[in-house]
Amino acid sequence: MVMLCFRYLLEDSQACRRQIPDSLFTNSEDSSDRLNKGLADNGENNILIPESYALAQIYPHPFNPSTTIQFDLKQAGLVTLKVYNSVGQEIATLVNGQLSAGRHSAIFNATGLPSGIYFYRLSVNGYSEVKKMELIK
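As structure tokens, then:
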């Protein structure tokens, strides 16, 4: 078994004692799919779902030529994740659809874009958050 604890549950040590079956980490699926399944399943496996919406800082930062954007959804909903340049023009739509509650990620490939500052925005169920990222070539 693997123990999993979220930063928003640290005050309640019992809440951090939820277990994820090893089978989620040993099958042949993509690792992001396993992570999403583990966090989105709140049924019999007793898996945690994030208590709030959150948009993580990209990794690596600065990046070249691609980066991963992770975000948490406390409820399922229609999700949009878009990338904008420094003057507000939309550069890419990474996610535009219904997603389940849990942790998700999207890859942004900036091949063909110039170095500079870009912004990424997550919108879901009335929640919106924007973060900055830097592309260095």
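In the working numbering, the protein residues as written are 397 to 533. For each residue, glycine too, the CB sits at the ideal point set by N, CA and C. None of the values given here were measured: they were computed from a predicted structure.
- If you compare the alpha carbons of P510, G498 and N505 with that of E447, the shortest gap goes to G498.
- DSSP, reduced to helix, strand and coil, places K533 outside both helices and strands of the structure shown, so it counts as coil.
- Counting along the chain, the unbroken beta strand (DSSP E) around Y480 starts and ends at G473 to N481.
- Taking each of Y480, I454 and L495 in turn and checking the Cα distance to Q471, the smallest one comes out for L495.
- If you look at F515, you'll find it in the beta strand (DSSP E) that goes G512 to V520.
- The beta carbon of D468 is closer than 6 angstroms to those of P446, A450 and R499 in its chain, skipping five residues each way along the sequence.
- In this structure, DSSP gives I454 a state outside helix and strand, which the three-state scheme calls coil.
- Under the 8 angstroms Cβ criterion, the stretch 472-481 counts as touching the stretch 504-517, having at least three qualifying pairs.
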